[in-house]
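Protein chains: 2
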Amino acid sequence: MHEWDADTRVDAAGDGRFTARLGDRWGGAGGRPNGGYLVAFCLRALGEVLPHPDPLAVSAYYLLPGVVGPAVVDTEVVRRGRQVSTGEARLSCRDREVLRVVASFADLGAGGDGAAVLGRAPDLPPPDECVDVYGGLRLPGATVADRVELRGPEPFGWARGRATGTPSAEFWIRFADGRPADPAGMATLVDSVAPAVLELGHPVVSATVELSVHVHARPAPGWLAARAATRHVAGGHYEEDVELWDAGGRLVARSRQLAVLSAR
Amino acid sequence: MHEWDADTRVDAAGDGRFTARLGDRWGGAGGRPNGGYLVAFCLRALGEVLPHPDPLAVSAYYLLPGVVGPAVVDTEVVRRGRQVSTGEARLSCRDREVLRVVASFADLGAGGDGAAVLGRAPDLPPPDECVDVYGGLRLPGATVADRVELRGPEPFGWARGRATGTPSAEFWIRFADGRPADPAGMATLVDSVAPAVLELGHPVVSATVELSVHVHARPAPGWLAARAATRHVAGGHYEEDVELWDAGGRLVARSRQLAVLSAR
């Protein structure tokens, strides 16, 4: 079994409740479980209670830091529709809600007609001609960097000690153990990258307020090409957008998050 | 009192419940209350129960069409934090939930340090040198077009019967009665524009699945410059992003929605 599947397991406990265990292999900087890891528990639990298989739109509100150890996911089926169904999930650690997710699910294998995409996939050298974007640097506690492999033409500027001043990046991304990306897995991937805002040279830690993910299609197997960019920093908040493109040149997922900046 | 304020009134009825009345002056094509109008009831109710004044991140899931007439908003305070508080609101018509909103509120007057913006505001001629983007065309039932004024260098291509093939647009936007835009009002404005996907020439109606709005700052008075773009159409779904820039050249709000396309 792949790491993501083993580490995001949920077990039905009746009445829409699921038990789970947050592991320590998906930590962000500082060692707390990463946001994209936490949301996976909610999506897996919703996948058990909703009639459609694939997350289509996901909104995750981060309330408190997750805590490694036992956890509970409570789900509610909000609406069962013909094309789209919607549910809510609440992830709690030590009896305190840490994450609330609302998500609409659909069958992404059922569509595919009339695709039109504006914009272009990132233009990257092949993955085997690229290098680790962190240049071997590991932020303390950031075990997620061992679960998700990121390769780019050169290491991120901030990882080389020379922030570029431009908070954007293009790179390859995949689960390090070769697990194929799927709609739920992509919700983890989009939040498994050190924030592009580090290229502005601020030594920051960030706390996500909200992460939204739109999934367009089940991706083709293999590496995904990613583009991450921050368009806005102000008032102690910043945004980051991530796009994932599959081997077929399709824009398969987009995410946007709003986070609070604070000095490290 | 301005139209938006009168038409989105909520009255506390105890236990986090508010009563309201959906009006017929904010209809989208077909006459159903527009999505950006519906979300306003939830934001006004949340503004009454949360300790912070301004919506910062808003996620709205559309479950059923809204119905003109009496409505109820049920709110829940999810978390009161120091910088950010989070709540949930459910809008019901005729005892059926039509919209679920989760939102984080903050005090957008309290920040402002270290602003950095990538990208540029739309480059538009002054509003008084622009024209109605609909060229006087009104889709049946779309009364929202009389509440929200949109001016651009020329009418939208589809409104002239010549879809441009490029689903993007830049234009000025404001409440038609001169109401200043504010964070909650901007959540209505971003969804008060006919979808840019009409420029692809499909005669479509669309139903929003999810609308998310990030508000960066309280806007300066006056017209807002808007940029709308669809990046992706596939599998019967499409996305639309809208940016709002204020008179001070600040990116004050961004939205993204995922909608279902269907033939008209």
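Here the protein sequences come in this chain order: V and L.
So in our numbering, spot 124 of the first sequence is number 124, and the numbers just go up one at a time.
So in our numbering, spot 35 of the second sequence is number 35, and the numbers just go up one at a time.
For every residue, glycine included, the Cβ atom is placed at its ideal position computed from N, Cα and C.
Values in this document were obtained by computation on a predicted structure and should not be read as measured data.
Return yes when the C-beta of residue 257 of chain V is under 7 Å from any heavy atom of the ligand SAH, and no when it is not. Of ligands this structure carries none, so the ligand SAH is not represented either.
Check whether the region 19–34 of chain L and the region 49–63 of chain L are in contact - that is, three or more C-beta pairs closer than 8 Å. no
Is the shortest distance between the beta-carbon of residue 296 of chain V and the beta-carbons of chain L less than 8 Å? The requested residue 296 of chain V does not occur in the structure, where chain V is confined to residues 1 to 264.
Between the region 205–223 of chain V and the region 96–112 of chain V, do three or more beta carbon pairs fall short of 8 Å? yes
Go ahead and pull the three-state DSSP assignment for residue 130 of chain V. coil
Taking the beta carbon of residue 44 of chain V as the centre, do at least 16 other beta carbons fall within 10 Å, making it buried, or is it exposed? buried
Show which residues of chain L have a CB atom less than 8 Å away from the CB atom of residue 92 of chain V. Ordered by position in chain L, no residue passes the 8 Å Cβ test against residue 92 of chain V, which lies about 12 Å from the chain.
Three or more C-beta pairs below 8 Å linking the region 80–92 of chain L and the region 126–145 of chain L: no
Of all the alpha helix (DSSP H) runs that stay within the bounds of the region 113–188 of chain L, which reach a length of 4 or more residues? 144–147
Under 7 Å (Cβ pairs) to chain V, residues found in the region 191–224 of chain L: 200, 209, 210, 212, 214, 216, 217
Taking C-beta pairs closer than 7 Å, name the residues in chain V that residue 232 of chain L reaches, listed in chain order. 117, 216, 251
Inter-residue Cα distance where the pair is residue 21 of chain L and residue 98 of chain L: 14 Å
With DSSP run on the structure shown, which of helix, strand or coil describes residue 49 of chain L? helix
In chain V, which residues lie less than 8 Å from residue 256 of chain L when you measure between Cβ atoms? 212, 214, 254, 256
Short-range partners of chain L found in the region 144–168 of chain V, where Cβ spacing is below 9 Å: 166, 167, 168
Best match in L:40, L:150, L:66 for proximity to residue 172 of chain L [C-alpha to C-alpha]: L:150
Which same chain residues, not among the five before or five after residue 260 of chain L, have their C-beta less than 7 Å away from its C-beta? 206, 207, 209, 236, 237
Take every Cβ of the region 8–17 of chain L, pair it with every Cβ of the region 223–236 of chain V, and state whether three or more of those distances are shorter than 8 Å. no
Residue 230 of chain L burial status per 10 Å Cβ neighbour count (16 or more: buried): buried
What is the DSSP secondary structure of residue 35 of chain L, counted as helix, strand or coil? helix
Residues of chain L with a CB under 8 Å from the CB of residue 79 of chain V: which are they? 63, 64, 97
So residue 97 of chain V is in the beta strand (DSSP E); what residue range does that whole segment cover? 96–106
For residue 113 of chain L, I'd like the list of residues in its chain whose CB is within less than 6 Å of its CB, leaving aside the five on either flank, ordered along the chain. Because the pLDDT at residue 113 of chain L is just 49, under 50, the model does not fix this residue reliably, and the point stays unresolved.
Within 8 Å, do at least three Cβ pairs link the region 180–192 of chain V to the region 178–198 of chain L? no
To the nearest angstrom, how far is it from the Cα of residue 66 of chain L to the Cα of residue 211 of chain V? 26 Å
From the DSSP output, in three-state form, read off residue 90 of chain V for me. strand
Check residue 6 of chain V in the structure and name its three-state DSSP category. helix
Please check the pair residue 251 of chain V and residue 117 of chain V, which I expect to be a contact at CB under 8 Å, by giving their CB distance rounded to whole angstroms. 5 Å
Decide if residue 249 of chain V is buried, meaning its Cβ has at least 16 other Cβ atoms within 10 Å, or exposed. exposed
DSSP three-state assignment for residue 209 of chain V, whether helix, strand or coil: strand
is_contact[residue 178 of chain L, chain V] using C-beta, thresh 8 Å: no
Below 8 Å between beta carbons is the criterion; list the residues of the region 237–249 of chain L that meet it against any residue of chain V, in chain order. 237, 239
So for residue 197 of chain V, helix, strand or coil by DSSP? helix
Does residue 94 of chain L pass the burial test, meaning 16 or more other C-beta atoms within 10 Å, or should it be called exposed? exposed
Looking only at C-alpha atoms, which of V:30, V:11, V:47, V:73 sits nearest to residue 38 of chain V? V:73
Could you check the C-alpha separation between residue 68 of chain V and residue 226 of chain L for me, to the nearest Å? 43 Å
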